[in-house]
Amino acid sequence: SHAKEILHCLKEKYFRELQDLEVDGQRVDVPQALSWYPEELAWHTNLSRKILRKSPQLEKFHQFLVSETECGNISRQEAVSMIPPLLLNVNPHHKILDMCAAPGSKTAQLIEMLHADMNVPFPKGFVIANDVDNKRCYLLVHQAKRLNSPCIMVVNHDASSIPNLQIDVDGRKEILFYDRILCDVPCSGDGTMRKNIDVWKKWTTQNSLQLHGLQLRIATRGVEQLAEGGRMVYSTCSLNPIENEAVIASLLEKSQGALELADVSSELPGLKRMPGITKWKVMLKDGQWFEEWKDVPSNRQTQIRPTMFPIKEEEKLKAMNLERCLRILPHHQNTGGFFVAVLIKRSPMPWNKRQPKVHQKLPQRPGDKEVTATNADGGSQDAAEEPALAENEESEKMQEMQNSDTEQSKKGVCGPPPSKKMKLFGFKEDPFVFLPEDDPLFLPIQKFYALDPSFPKMNLLTRTQEGKKRQLYMVSKELRNVLLNNSEKMKVINTGIKVWSRNSDGEQFGCAFRLAQEGIYTLYPFIHARIINVCIEDVKILLTQENPFLSKFSSETQKKVKDMAMGSIVLKYEPDPEKPEDLQCPIVLCGWQGKTSLRAFVPKNERLHYLRMMGVEVFKAKRKEEESEGKAEDEVQCRPVQTEEGMDVEDKEHDSVTKMEAEVGEESSHNPVESSAMEVENKIEDLDQFSKNNNSHVSQESKDTDTNNVKD
């Protein structure tokens, strides 16, 4: 519902202001909707980054883009890279794996599809987003966190050997197979030639030859973990057949009929595409061409592999339907170049059907490195890894695994993996500790907010084993299942959405935890107390004034507040269909009721987002708000400020939070700042340099966009 409001706001306000606008003597083209993207939810602009940032006439539009991007309401992304998630046909109950997910634009699309129905706080499906690069995983977390979903987990593994996960199904452990897999593999990026000048300088045929093996291994690992009947989308931002059709043909040949290419010609009408090709040659760096594997001299057979060549047998080639692949060329609709293939798994992979011999000789412990046998074609036969177990003969192996994990599961602790190999790179993550059934912490919370009996308290977790629990997070029960059963073999970077923060002020009012805005839409359906329904005028006061007195609110609101104890509250706005000129989507805000005042605890960019949707001119309001925040400085320094334990990376690059927010500057990867005064000071500096920050956010976002497809 918020997306529709933003679209209305864009069309009626920002796009109209761009009409007939000239910048540096050039006429500005109004952004156009991408014809093939459903429901007009994707738009294209030809404004360069430089013009957007520098020209005063576009400052308002630029600020809108930056602010809404920070809130997670808009994503800026290369048009063609939006295609793979659309072709996955995701439903809210699907278990999804994104194998090479950073920087996270496609992951964000997948999360959005899971939450197609806003009224379901916990969809049955989830997204596990993986990336091999530890640093890029944090960029991925930042992107995913903007969407505030309890159904996303970010993990850090090599996609070509990503471990098999287990889940508990009615008391017995089973291997987790995914309904949908996005396999957007690292590629040479030669399709990005329109925006990436480096491609012209650095392009060589060697790039594709070096990547082909890795791409095939990742795709093979993907189809092994795909459930029967499931879909996997393989994509690259390259046009070289060695990275594209050669990988798909090799995969189809190895699968012996277990996989087929889906015909997606009727999907995404309006998208101009070319069919996949069936004939190509292989070229070395020095310009030598080869048509068949048998022509390759023995001293070149390490650089060129048999899987790089097209299939010669006509019948076999015809049965593969390689023309069902999609090739998107830059000049057809002014985009990047792109390749997409949609695979459907009809039966288990042939090497998964038989019990591997290696297993009988080498009983493996959960922490051991998996053994992989490579077959003659250079593809990974994965003879000794767990999916290679016959699907009906898994129980013995499961029993062994069960014993090793049970002890930790009982405690509800998913610690960092013990494997030394994993600790060699990246930060050491704090454990994920689920709240025990009888934790005394929960009772006052339950009572204070009158939580519904159906509230899934088993899904609450913290990031600390000892000491005071400062933040409470929430995951869906399906992700809880994954976390508890795989702590030995999985390096989890981040999961869960923050729902409560400790607030020492609150203890005297009966509850030490106040609600967190990030998790309010997930939590709201379960809360039955401390809810105040407010009218649109009240919402405007809450979002534009720092600490408004109760007397400023409507008489209905004042009456409701009168009988309520001080402390954390929920402020709810319900749209009135009889007043179509008013905002037509529901808003839920976290707030704090003081003795004589009422205030909203909402991050700055989210405030601006709601005000924009209500038609308030925030371009000026922003500066007024900064002044009022400067005045409120003394009051803030009197309030106790908390820092968060654990590495809560969502706030590393997050927007500055409003002055009265108790979670000022949550802890980043650096040491926590103990002194509240120091934090306040830093925060005021941040606010003073708001426009500066905006620029840095844009460059970050632009960087994300640029690197979205060009993965080294």
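In case it helps, UniProt numbering puts the sequence shown at residues 1 to 712. Beta carbons are placed, not taken as given, at the ideal position from N, Cα and C, and that holds for glycine.
Separation of V199 from K254, as counted between CA atoms: Rounded to whole angstroms, the gap between the alpha carbons of K254 and V199 is 32 Å.
Coil, strand or helix - L88 by DSSP: In this structure, DSSP gives L88 a state outside helix and strand, which the three-state scheme calls coil.
Stretch-stretch touch, CB-based, cutoff 8 Å, three pairs: the stretch 494 to 502 with the stretch 182 to 199: Contact check between the stretch 494 to 502 and the stretch 182 to 199: fewer than three CB pairs, one atom from each, fall below 8 Å, which does not count as touching.
For I242, the three-state DSSP class (helix, strand or coil): Coil at I242, not helix or strand.
C325 to P275 span [Cα, whole Å]: Taking the straight line joining both Cα atoms gives about 6 Å.
Neighbour-count burial assignment, S298, 16 or more Cβ in a 10 Å radius: Answer is exposed; the Cβ neighbour count stays below 16.
Where F434 sits in the DSSP three-state scheme: Looking at F434 - three-state DSSP - the assignment turns out to be strand.
Inter-residue Cα distance where the pair is S554 and R612: S554 and R612: Cα-Cα distance of roughly 22 Å.
Assigned exposure category for H115 - 16 Cβ within 10 Å defines buried: So H115 counts as buried.
Between the CA atoms of K345 and T335 - distance to the nearest angstrom: Going by the C-alpha atoms only, they are around 30 Å apart.
For A144, the three-state DSSP class (helix, strand or coil): Three-state DSSP puts A144 in a helix.
Local Cβ density within 10 Å of D538, reported as buried at 16 or more and exposed below that: Result: buried.
Where W289 falls: helix, strand or coil (DSSP): The three-state secondary structure of W289, taken from DSSP, is strand.
Inter-residue spacing [alpha-carbon to alpha-carbon] between D405 and F549: Bear in mind that the predicted position of D405 carries a pLDDT of just 48, short of 50, making it unreliable; the figure below should be weighed with that in mind. Going from the Cα of D405 to the Cα of F549 covers about 54 Å.
C-alpha gap between G104 and Q143, whole angstroms: As the crow flies, the alpha-carbon of G104 is around 6 Å from that of Q143.
Local conformation of P56 per DSSP, three classes: Helix at P56.
Counted within 10 angstroms of its Cβ, other Cβ atoms place W351 as buried (16 or more) or exposed: Under this definition W351 is a buried residue.
Bridge partner(s) assigned by DSSP for I175: Answer by DSSP bridge pairing, in chain order: Q166.
Distance between M99 and N89 (C-alpha atoms, nearest Å): About 17 Å.
Where Q256 sits in the DSSP three-state scheme: In the structure shown, Q256 adopts coil according to DSSP, grouped into three states.
Cβ distance (whole Å) where P330 is taken to contact R217 below 8 Å: Between P330 and R217 a beta carbon distance of about 29 Å is seen, past the 8 Å cut, so the two are scored as non-contacting.
Sequence-distant residues of the same chain with beta carbon closer than 6 Å to L176, five excluded per side: Excluding residues within five positions, the ones whose Cβ falls inside 6 Å are L165, I167.
Other residues of its chain near N73: CB distance less than 8 Å, five sequence neighbours each side excluded: Contacts found: H2, A3, I6, H609.
Same chain, Cβ closer than 6 Å to Q303, five either side skipped, listed in chain order: Closer than 6 Å at the Cβ level, and outside the excluded window around Q303, lie L209.
Buried or exposed by the 16-neighbour rule on C-beta atoms within 10 Å, applied to H528: The C-beta of H528 has fewer than 16 other C-beta atoms within 10 Å across all chains shown, which makes the residue exposed.
Coarse secondary structure for V233, derived from DSSP in three states: The answer is strand: DSSP assigns V233 an E or B state.
Residue closest to M458, alpha-carbon to alpha-carbon, out of L483, V561, F338: Between M458 and the set L483, V561, F338, the nearest pair of CA atoms involves L483.
Alpha-carbon to alpha-carbon, F513 and E625: Because E625 carries a pLDDT of 45, less than 50, the predicted location of this residue cannot be relied on, and the following value inherits that uncertainty. In a straight line, the C-alpha of E625 is about 27 Å away from that of F513.
Sequence-distant residues of the same chain with beta carbon closer than 6 Å to N46, five excluded per side: D29, listed in sequence order.
Proximity winner among T220, Q333, T544, relative to M349 (alpha-carbon distances): When each option's Cα is compared against that of M349, the closest is T220.
C-beta atoms of I181 and G230 nearer than 9 Å: Yes, Cβ-Cβ distance for I181 and G230 is below 9 Å.
Cβ contact check for the stretch 591 to 611 and the stretch 541 to 548: 3 or more pairs under 8 Å: Contact between the stretch 591 to 611 and the stretch 541 to 548 is present, because at least three Cβ pairs lie under 8 Å.
Simplified DSSP state of K95, which is helix, strand or coil: In the structure shown, K95 sits in a strand (DSSP, three-state: E or B).
Contact check, L317 vs A262, beta carbons under 9 Å: No; because the gap between Cβ atoms is not below 9 Å, this pair is not in contact.
Integer-rounded CB distance, given that Q206 should sit under 8 Å from K285: Their Cβ separation, rounded to whole angstroms, is 5 Å, which keeps K285 and Q206 in contact under 8 Å.
Close beta carbons around Q517, own chain, < 8 Å, minus the five adjacent residues each side: So the list reads L589, C590, F601, V602, P603, E606, once near-sequence residues are dropped.
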